[in-house]
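Enquirer: Position one of the sequence shown corresponds to residue 7 (my numbering), numbered consecutively onward.
For every residue, glycine included, the Cβ atom is placed at its ideal position computed from N, Cα and C.
Please see the structure below; I have some questions.
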Amino acid sequence: MTLPSLFVSVTASSRLTREVHYQDLVYGLFHGMLLIIALYSLILGIRLSDRDNLLYAIWLVLVAVLQATNWSLLAELPVSLFDVLKQNWGVTSGIFCIVHILFTLSFLQTKTWANGLHRLGIGLLVLFSVCCILLLLFLNEGNRVAMNVVTTNLFTSSDGLFGLTAGLTVFFRGFKPAIFYSLGTLVLSMSLWLFLLSLYGGITFTFWTLNCVLVGSAVEVFFFLLGLTYKINLLKQRQEEAVRQQLQLSVENQQLIETQNRVLEEKVEQRTAELKASQAQLIQKEKLASLGELTAGIAHEIQNPLNFVNNLSEVSQELVEELEEERRKEKRDEDLETELISDLKETLHKVTHHGKRADSIVKGMLQHSRASTGEKQPTDLNQLADEYLRLAYQNLRAKDQSFTADLRLKLDPALGQVNIAPQDMGRVLLNLYNNAFYAVQEKAKGQEGYQPQVTVSTQANGGKVELRVADNGTGIPQAILDKIYQPFFTTKPTGEGTGLGLSLSYDIITKGHGGTMEVESREGEGAEFVVSLPA
Numbered sequence: 007m008t009l010p011s012l013f014v015s016v017t018a019s020s021r022l023t024r025e026v027h028y029q030d031l032v033y034g035l036f037h038g039m040l041l042i043i044a045l046y047s048l049i050l051g052i053r054l055s056d057r058d059n060l061l062y063a064i065w066l067v068l069v070a071v072l073q074a075t076n077w078s079l080l081a082e083l084p085v086s087l088f089d090v091l092k093q094n095w096g097v098t099s100g101i102f103c104i105v106h107i108l109f110t111l112s113f114l115q116t117k118t119w120a121n122g123l124h125r126l127g128i129g130l131l132v133l134f135s136v137c138c139i140l141l142l143l144f145l146n147e148g149n150r151v152a153m154n155v156v157t158t159n160l161f162t163s164s165d166g167l168f169g170l171t172a173g174l175t176v177f178f179r180g181f182k183p184a185i186f187y188s189l190g191t192l193v194l195s196m197s198l199w200l201f202l203l204s205l206y207g208g209i210t211f212t213f214w215t216l217n218c219v220l221v222g223s224a225v226e227v228f229f230f231l232l233g234l235t236y237k238i239n240l241l242k243q244r245q246e247e248a249v250r251q252q253l254q255l256s257v258e259n260q261q262l263i264e265t266q267n268r269v270l271e272e273k274v275e276q277r278t279a280e281l282k283a284s285q286a287q288l289i290q291k292e293k294l295a296s297l298g299e300l301t302a303g304i305a306h307e308i309q310n311p312l313n314f315v316n317n318l319s320e321v322s323q324e325l326v327e328e329l330e331e332e333r334r335k336e337k338r339d340e341d342l343e344t345e346l347i348s349d350l351k352e353t354l355h356k357v358t359h360h361g362k363r364a365d366s367i368v369k370g371m372l373q374h375s376r377a378s379t380g381e382k383q384p385t386d387l388n389q390l391a392d393e394y395l396r397l398a399y400q401n402l403r404a405k406d407q408s409f410t411a412d413l414r415l416k417l418d419p420a421l422g423q424v425n426i427a428p429q430d431m432g433r434v435l436l437n438l439y440n441n442a443f444y445a446v447q448e449k450a451k452g453q454e455g456y457q458p459q460v461t462v463s464t465q466a467n468g469g470k471v472e473l474r475v476a477d478n479g480t481g482i483p484q485a486i487l488d489k490i491y492q493p494f495f496t497t498k499p500t501g502e503g504t505g506l507g508l509s510l511s512y513d514i515i516t517k518g519h520g521g522t523m524e525v526e527s528r529e530g531e532g533a534e535f536v537v538s539l540p541a
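Quick look at the structure:
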């Protein structure tokens with residue numbers, strides 16, 4: 007009778023030993039897994055500066071401490087520390103739930119997806135914190151166990167219900183990683199209910215019901231880890247999408263900038279063409295204006311040779327009539343006939359000379375009005391300077407007969423032919439002469455006893471040719487000397503100048519002939535323009 011009893015006792019002892027070994031193995035695997043995942047999450051949170059992983063790592067450590075305390079796995083620790091954890095089980099559970107709610111609010115982004123639940127979570131954090139403080143202050147030996155049980159059930163139930171509600175709400179509102187959180191919370195809740203049913207006799211208490219909370223916690227940890235991984239990948243995809251969109255936006259902006267640049271270039275080209283056309287029109291108007299100013303001078307200059315031609319033609323006609331009359335006489339005076347023929351030849355020679363003079367004036371004006379090709383040719387600069395000086399002077403005299411001026415020519419006879427564009431150089435001379443006459447005329451209006459004087463001189467100076475136009479007029483103020491070559495700048499009253507004369511002259515000399523144009527001025531005493539050209 008005793009053998010079976012002994013056998014049964016031995017058998018029960020062996021089974022218990024195996025279950026204890028299994029239990030130790032489960033605890034070891036569970037806590038080892040928690041610590042490894044906690045360390046991984048901690049490193050990941052620090053490297054990525056991710057609050058979710060940091061809270062998750064802290065929560066895992068608290069899970070390990072909570073489970074180890076619950077199953078007296080920390081009995082090896084100093085008695086005082088173990089007793090503190092055991093006696094303040096409710097406070098430990100409260101801290102665990104506080105960290106879990108913080109993780110819930112952060113991971114589920116409740117402030118964005120469910121603001122009402124976010125405020126509820128903040129309220130639970132405040133409530134749990136107050137409860138933990140009260141437990142530490144007023145917990146005594148008489149009510150310690152009961153209060154730990156009540157507060158632990160309150161904390162875990164509220165935390166679990168809030169977490170499951172928040173997870174499902176956020177998931178259905180579009181935050182996909184919340185499904186992993188919801189599944190983990192649901193599994194842990196079911197394992198807790200299963201453990202409580204077995205504890206209070208609702209179902210059979212076995213090895214598996216004993217460890218269902220550990221299994222549920224492990225599954226929850228696994229699902230939370232999947233959720234964190236999914237969330238990190240989702241954020242990474244969003245960042246990549248944001249980068250891709252940014253790159254696409256950059257490409258579109260670049261294309262837009264290129265398109266705008268092309269449009270601007272086209273507009274600039276169009277405006278440039280319009281400005282060039284306007285400039286050409288203004289230049290042409292300036293040329294026509296200068297030609298118009300010469301009309302009176304041309305008329306006066308061409309009138310002299312025409313008068314000579316007309317008068318000499320009459321003289322020639324009289325000589326021919328006298329010669330014919332002499333030839334009709336019976337006794338012809340050969341000496342008289344020879345004298346008449348000689349006078350006729352001389353008269354015809356003068357007619358030819360003055361006719362050519364008129365022809366040269368007309369040709370010169372035609373060249374002046376014609377568009378210049380810029381083609382250079384050997385030209386008598388002395389003759390050109392003399393001719394345009396007289397034309398400009400006669401033009402001013404035609405407008406104001408009371409005006410007189412002392413014209414002085416100091417032309418270098420050894421100058422010879424100069425390679426220039428005659429039409430362009432004529433415009434330069436005309437502009438310089440007109441400015442000089444304007445200056446002396448303005449000074450003569452307000453000064454009695456003043457004798458206007460304009461001096462034109464030429465000189466071969468080494469490898470260059472110098473042309474100087476000087477006057478004793480009003481001079482140019484020092485303040486505007488730097489502006490006189492600017493287009494449209496003029497000191498003349500409105501309607502008396504376009505402001506293009508000196509600008510065009512400067513371009514003709516410097517760009518068209520490779521020369522220089524300088525001015526020397528003494529305000530109130532006069533000015534002198536010096537044109538230097540390659541010989």
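Please look up how many angstroms separate the CB atoms of Tyr439 and Leu395, rounded, as I've assumed it's under 8 Å.
Expert: Stepping through the sequence shown from its first residue, residue 439 is reached at position 433. Stepping through the sequence shown from its first residue, residue 395 is reached at position 389. 6 Å between Cβ atoms; contact.
Enquirer: Using a 10 Å radius around the Cβ and a threshold of 16 neighbouring Cβ atoms, would you call Gln389 buried or exposed?
Expert: Locating residue 389 in the sequence shown gives position 383, where the first residue counts as 1. Burial call: exposed.
Enquirer: Which runs of the alpha helix (DSSP H) spanning at least 4 residues fall entirely within the stretch 147-203, listed in chain order?
Expert: The stretch 147-203 contains these whole alpha helix (DSSP H) runs: 150-178.
Enquirer: Checking the sheet assignment: what are the DSSP bridge partners for Ser511?
Expert: Counting from 1 along the sequence shown, the entry for residue 511 is found at position 505. Note: Ser511 sits in no beta bridge, so no partner.
Enquirer: If distances are taken between C-alpha atoms only, which option among Thr265, Asp392, Gly518 and Leu234 comes closest to Glu381?
Expert: Here residue 381 corresponds to residue number 375 of the sequence shown, with the count starting at 1. Checked all of Thr265, Asp392, Gly518 and Leu234; the closest Cα to Glu381 is Gly518.
Enquirer: Rounded to whole angstroms, what is the Cα-Cα separation between Val475 and Glu524?
Expert: Position 469 of the sequence shown, counted from the start, is the residue given in the question as residue 475. Position 518 of the sequence shown, counted from the start, is the residue given in the question as residue 524. If I take the Cα positions, the gap works out to 11 Å.
Enquirer: Report the rounded CA-to-CA distance for Trp119 versus Glu275, giving the unit in angstroms.
Expert: As a first step, residue 119 is located in the sequence shown; it is residue number 113 there, counting from the start. As a first step, residue 275 is located in the sequence shown; it is residue number 269 there, counting from the start. Spanning the two alpha carbons is a distance of roughly 56 Å.
Enquirer: Roughly how many whole angstroms lie between the Cα atoms of Leu354 and Gln323?
Expert: Here the question's residue 354 lines up with position 348 in the sequence shown. Here the question's residue 323 lines up with position 317 in the sequence shown. Their Cα atoms are separated by approximately 10 Å.
Enquirer: Enumerate in chain order the residues of its own chain whose CB-to-CB distance from Leu131 is below 8 Å, with the five nearest sequence positions on each side excluded.
Expert: Stepping through the sequence shown from its first residue, residue 131 is reached at position 125. Result list for Leu131: Ile104, Ile107 and Leu108, in chain order.
Enquirer: Answer yes or no: do Thr158 and Ser99 have a C-beta to C-beta separation smaller than 8 Å?
Expert: Here the question's residue 158 lines up with position 152 in the sequence shown. Here the question's residue 99 lines up with position 93 in the sequence shown. Yes, the pair counts as a contact, with Cβ atoms nearer than the cut-off.
Enquirer: By how many angstroms is the C-alpha of Phe102 removed from the C-alpha of Trp65?
Expert: As a working mapping, residue 65 is identified with position 59 in the sequence shown. As a working mapping, residue 102 is identified with position 96 in the sequence shown. In a straight line, the C-alpha of Trp65 is about 7 Å away from that of Phe102.
Enquirer: Would you check if the distance between the CB atom of Phe134 and the CB atom of Phe161 is smaller than 8 Å?
Expert: As a working mapping, residue 134 is identified with position 128 in the sequence shown. As a working mapping, residue 161 is identified with position 155 in the sequence shown. Contact: yes.
Enquirer: Alpha carbon to alpha carbon, what distance is there between Ala283 and Thr358?
Expert: As a working note, residue 358 is residue 352 in the sequence shown. As a working note, residue 283 is residue 277 in the sequence shown. Distance between the alpha carbons of Thr358 and Ala283: 44 Å.
Enquirer: Using the three-state DSSP reduction, which class does Ser112 fall into: helix, strand or coil?
Expert: Locating residue 112 in the sequence shown gives position 106, where the first residue counts as 1. In the structure shown, Ser112 sits in a helix (DSSP, three-state: H, G or I).
Enquirer: Between Leu387 and Leu421, how many whole angstroms is the CB-CB distance? I'm expecting something under 8 Å.
Expert: Position 381 of the sequence shown holds residue 387. Position 415 of the sequence shown holds residue 421. That belief holds up - the Cβ atoms of Leu387 and Leu421 are roughly 6 Å apart, short of 8 Å.
Enquirer: Mind checking whether Gly544 and Met153 have CB atoms under 8 Å apart?
Expert: This structure cannot speak to residue 544, because the chain is shown only from 7 to 541.
Enquirer: Where does the unbroken beta strand (DSSP E) through Ser463 begin, and where does it stop?
Expert: Counted from its first residue, the sequence shown places residue 463 at position 457. Residues Gln459 to Asn467.
Enquirer: Among Glu271, Asn467 and Gly361, whose alpha-carbon lies nearest the alpha-carbon of Leu312?
Expert: Within the sequence shown, the letter at position 306 stands for residue 312. Cα-wise, what sits closest to Leu312 is Gly361.
Enquirer: According to DSSP, Gln3 sits in a beta bridge with which residue or residues?
Expert: Coverage of the chain is limited to positions 7 through 541, which leaves residue 3 absent and any answer about it impossible.
Enquirer: Could you spell out where the alpha helix (DSSP H) holding Arg433 opens and where it closes?
Expert: The residue given as residue 433 occupies position 427 in the sequence shown. Note, Arg433: alpha helix (DSSP H), Pro428 to Lys451.
Enquirer: Exposed or buried, what is Ala377 when buried is set at 16 or more other beta-carbons lying within 10 Å of its beta-carbon?
Expert: Your numbering for residue 377 matches position 371 in the sequence shown. In this prediction, Ala377 has a pLDDT of 49, which is less than 50 and means its spatial position is unreliable; what the coordinates show is noted afterwards. The residue is exposed, with fewer than 16 neighbouring Cβ atoms inside 10 Å.
Enquirer: Since I believe Leu40 is in contact with Ala70 (beta carbons under 8 Å), could you give me their beta-carbon distance rounded to a whole number of angstroms?
Expert: Against the sequence shown, residue 70 aligns to sequence position 64. Against the sequence shown, residue 40 aligns to sequence position 34. Right, their Cβ atoms sit about 4 Å apart.
Enquirer: On the criterion of 16 or more Cβ atoms from any shown chain inside 10 Å, does Thr116 qualify as buried, or is it exposed?
Expert: Position 110 of the sequence shown, counted from the first residue, corresponds to residue 116. Label assigned to Thr116: buried.
Enquirer: Go ahead and label Gly194 buried or exposed: buried means 16 or more other beta carbons lie within 10 angstroms of its beta carbon, across all protein chains shown.
Expert: To locate residue 194, count along the sequence shown from 1; it is residue 188. The question names Gly, but residue 194 is Leu in the sequence shown. Per the 10 Å Cβ criterion, buried.
Enquirer: Might you give, ordered along the chain, the residues of its own chain that have their beta carbon closer than 6 Å to the beta carbon of Phe5, omitting 5 neighbours on each side?
Expert: As shown, the chain starts at 7 and ends at 541. That puts residue 5 outside it, with no answer to give.
Enquirer: Excluding the 5 residues preceding and the 5 following Gly127 in the sequence, name in chain order all residues of the same chain whose CB lies nearer than 8 Å to its CB.
Expert: Looking up residue 127 in the sequence shown gives position 121. For Gly127, where only same-chain residues beyond five positions count, the Cβ hits under 8 Å are Ile107, Thr110, Leu111, Thr116, Phe168 and Ala172.
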